[in-house]
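Numbering (the working numbering), first residue to last: 14 to 63.
Quick reminder that beta carbons are idealized off the backbone N, C-alpha and C, glycines included.
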(Lines of atoms letter the chains of each structure in order from A and count residues from 1; the text may use other names and numbers.)
(Lines give C-alpha, C1' and ligand atoms only; values in the text may rest on other atoms or scores of the structure.)
Protein backbone atom coordinates (compact mmCIF):
# COMPACT_ATOMS: atom_id res chain seq x y z
CA UNK A 1 0.00 0.00 0.00
CA UNK A 2 1.27 3.48 -0.88
CA UNK A 3 0.15 6.34 1.35
CA UNK A 4 0.86 10.04 0.86
CA UNK A 5 0.42 12.41 3.80
CA UNK A 6 -0.07 16.14 3.16
CA UNK A 7 -0.09 18.68 5.97
CA UNK A 8 1.69 21.95 6.62
CA UNK A 9 2.58 20.96 10.19
CA UNK A 10 5.62 18.71 10.43
CA UNK A 11 4.60 17.24 13.78
CA UNK A 12 1.21 16.19 12.36
CA UNK A 13 2.83 14.51 9.35
CA UNK A 14 5.39 12.69 11.49
CA UNK A 15 2.81 11.57 14.05
CA UNK A 16 0.38 10.29 11.45
CA UNK A 17 3.18 8.51 9.62
CA UNK A 18 4.24 6.77 12.84
CA UNK A 19 0.67 5.65 13.60
CA UNK A 20 0.15 4.36 10.06
CA UNK A 21 3.45 2.46 10.08
CA UNK A 22 2.42 0.71 13.30
CA UNK A 23 -0.78 -0.50 11.62
CA UNK A 24 0.57 -1.03 8.10
CA UNK A 25 4.19 -2.07 8.53
CA UNK A 26 4.62 -2.93 4.84
CA UNK A 27 3.22 0.39 3.62
CA UNK A 28 5.27 2.89 1.67
CA UNK A 29 4.52 6.25 3.27
CA UNK A 30 5.71 9.61 2.05
CA UNK A 31 4.82 13.12 3.14
CA UNK A 32 4.56 16.59 1.63
CA UNK A 33 4.26 19.99 3.34
CA UNK A 34 1.98 21.82 0.91
CA UNK A 35 -0.47 21.62 -1.99
CA UNK A 36 2.17 22.37 -4.61
CA UNK A 37 4.28 19.39 -3.55
CA UNK A 38 1.15 17.26 -3.22
CA UNK A 39 0.17 17.89 -6.83
CA UNK A 40 3.69 17.08 -8.02
CA UNK A 41 3.75 13.79 -6.11
CA UNK A 42 0.25 12.76 -7.18
CA UNK A 43 1.03 13.46 -10.82
CA UNK A 44 4.40 11.68 -10.71
CA UNK A 45 3.49 8.55 -8.74
CA UNK A 46 0.55 6.25 -8.08
CA UNK A 47 -0.86 6.39 -4.53
CA UNK A 48 -3.48 4.19 -2.88
CA UNK A 49 -4.36 6.74 -0.20
CA UNK A 50 -3.78 10.50 -0.15
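Report the rounded CA-to-CA distance for residue 49 versus residue 19, giving the unit in angstroms.
10 Å
Note the first and the last residue of the continuous beta strand (DSSP E) segment covering residue 44.
41 to 45
Limits of the alpha helix (DSSP H) - the one that residue 62 falls within:
Counting along the chain, residue 62 falls outside any alpha helix (DSSP H), and DSSP gives it neither H nor E.
Does the distance from the C-beta atom of residue 62 to that of residue 15 stay below 9 Å?
Their beta carbons are under 9 Å apart, which means residue 62 touches residue 15 by this criterion.
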